[in-house]
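For what it's worth, our numbering labels the leading residue of the sequence shown as 626, then goes sequentially.
Glycine included, every Cβ here is placed at the ideal spot set by N, Cα and C.
Note that the structure is a prediction, hence the values are computed from the model and not measured.
Since the structure comes first, as structure tokens, the remarks are kept for the end.
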Amino acid sequence: MTAFGIASRFCPNPAGEISDRKTLPKTLPRRGNPDEVHAMGLKLHVAVVCLSLFLAGESSAGDWPNRAVKVVAPVGPGGYTDVMARVTTDRLARMFGKPFVVENRAGAGGLIGTEYVTRSAPDGYTLWFGGGAQFTSAPLIKKLPYDPVTGLAPISMFVMNGLGLVVPPTLPVKNLSEFVAYAKARPGKINYGISGTGQSTHLAAALWASREKLDLVMVPYPTVPASMLGVMTGEVQMYFGNMVDLVEQVRSKKVRLLAVSSSKRLALFPDTPTFVEEQRDFTFTSWVGYFTPTGTPAGIIDKLSKAVSDVCREQEVIDLITGMGAECIGSSPGELAAAIQADLPLAKAAVDAAGLSGK
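Here is the structure:
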């Protein structure tokens, strides 16, 4: 625990502990009374320690960073989350004049990297960059050895990304309504691909199929590229994918994009409607952002949040993110915390629809 964290926990007002006259005795302890002498000495000692810890916490926030900062991505290299992490770390390094180094700690659906950060020192030198599923659906699917909500403090949501429903270009459907009719006429014969159990591609597809009362067959793939190959070859007839993973295949017409699950149309594909526009009550988005171990000084969190927000205002970054079918956000810590709470009901419904509750 940092000095600031200790002071905050044990000294609710560490600076005021010795500045408020009400906290000090009006008279000196009576001579010869060792209990009073000890009590006064102990109180003064605690007050001095608390003030020292408070000032140390303020100093650490002011000096931060004075060495390299590690950014843990709980995924393998090369994917969407990893790429987004590196987009930010390059710019954060320039802003702060110290290296921000991405460290990939993949495995167990993000559990390994996430647990590592929750158990790291809250000093601002180990950060977490990942997706919202770790806070919403993951705890519902299996018992975790940590609590991501209490173990990680929000810094800033970096990017929000809608999902797209794609089908093989040879499938005889041109829009969402036609696909629903096609699938309902063939119960148990339409396959849909997922790229990881419990991931957004799985949860979105299961929830939507449940709401539409479609009898579909799930086909699991180990990776996003494998899932994309499955839909391009017609091995599966439907795939819900993050838009950043679909852009090139949609542009090259290797898959057909029927609708997007964001709240509004994408500038990249303005002719593709949202599910809501197609009279389907369905909005499903994913996001990635920065967190830090709980107990990190507020001054460091504020510095990082402002820096991520500044990154999101760079035109080069805006063009890059928009070109990937996503939206740069740059939220405050409070806004990110609120987003997690708002996502919980939808996550619960999706996990139930996927039959993963309590596993």
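To the nearest angstrom, report how far apart residue i and residue j are at their CA atoms.
i	j	result
Phe909	Pro918	28 Å
Gly980	Ala974	10 Å
Ala664	Val726	Residue confidence is low: Ala664 scores 40 on pLDDT, short of 50, so the model does not pin down where it sits. No coordinate-derived value is stated.
Val893	Leu871	One point to set straight first is that residue 893 is Leu, not Val, in the sequence displayed. Rounded to whole angstroms, Leu893 to Leu871 spans 12 Å at the Cα level.
Gln874	Tyr705	15 Å
Gly789	Asn816	16 Å
Asp968	Thr761	7 Å
Val792	Ser956	34 Å
Arg730	Ile946	24 Å
Gln862	Leu839	13 Å
Val933	Thr713	7 Å
Ser982	Ala972	11 Å
Gln940	Glu902	30 Å
Pro639	Asp748	Low confidence applies to Pro639: its pLDDT is 37, below 50, so where it sits in the model is not reliable, and the reading given next is rough at best. Taking the straight line joining both Cα atoms gives about 19 Å.
Ala884	Glu728	35 Å
Arg938	Ser852	33 Å
Since residue i is in the beta strand (DSSP E), which residue starts that stretch and which ends it?
i	result
Val933	Note, Val933: premise wrong, no beta strand (DSSP E); alpha helix (DSSP H) at 923-937.
Ala698	694-698
Assign residue i to buried or exposed, taking buried as 16 or more other Cβ atoms, counted over all protein chains shown, within 10 Å of its Cβ.
i	result
Ala964	buried
Glu952	buried
Val842	exposed
Ser825	buried
Ala693	exposed
Thr897	buried
Thr858	exposed
Arg876	exposed
Lys647	Annotation note: pLDDT 35 at Lys647 (below 50); position unreliable, coordinate value reported separately. Exposed, since its Cβ has fewer than 16 Cβ neighbours within 10 Å.
Ile926	buried
Gln759	buried
Asn867	buried
Ser888	exposed
How is residue i classed by DSSP in three states: helix, strand or coil?
i	result
Thr751	strand
Trp689	coil
Pro779	strand
Val673	Low confidence applies here, because Val673 scores a pLDDT of 35, under 50, leaving its location unreliable and the question unanswered by this model.
Glu952	strand
Arg716	helix
Arg646	Interpretation of Arg646 is limited by its pLDDT of 32, a score under 50 that renders its predicted location unreliable; the figure taken from the coordinates is listed afterwards. Looking at Arg646 - three-state DSSP - the assignment turns out to be helix.
Glu960	helix
Phe804	helix
Arg711	helix
Ala979	coil
Glu860	coil
Thr826	helix
Ala974	helix
Pro847	coil
Leu832	helix
Asp660	Here Asp660 scores only 40 on pLDDT, less than 50, and its place in the model should not be relied on; the value that follows carries that caveat. Reduced to three states, the DSSP call for Asp660 is helix.
Pro918	strand
Tyr705	helix
Glu837	helix
Checking 8 Å against the spacing of the C-beta atoms, do residue i and residue j come in under that value?
i	j	result
Gly855	Gly813	no
Phe900	Leu801	yes
Thr743	Pro773	yes
Gly735	Val700	yes
Leu832	Ala733	no
Gly985	Val708	Outside the shown range of the chain (626 to 984) lies residue 985, about which nothing can therefore be said.
Does residue i get closer than 8 Å to chain C when you measure Cβ to Cβ?
i	result
Glu873	No chain C appears in the structure shown, which is made up of a single protein chain.
First and last residue of the alpha helix (DSSP H) that includes residue i?
i	result
Val742	736-743
Leu796	That residue, Leu796, is in no alpha helix (DSSP H); it is neither H nor E in DSSP.
Leu765	763-766
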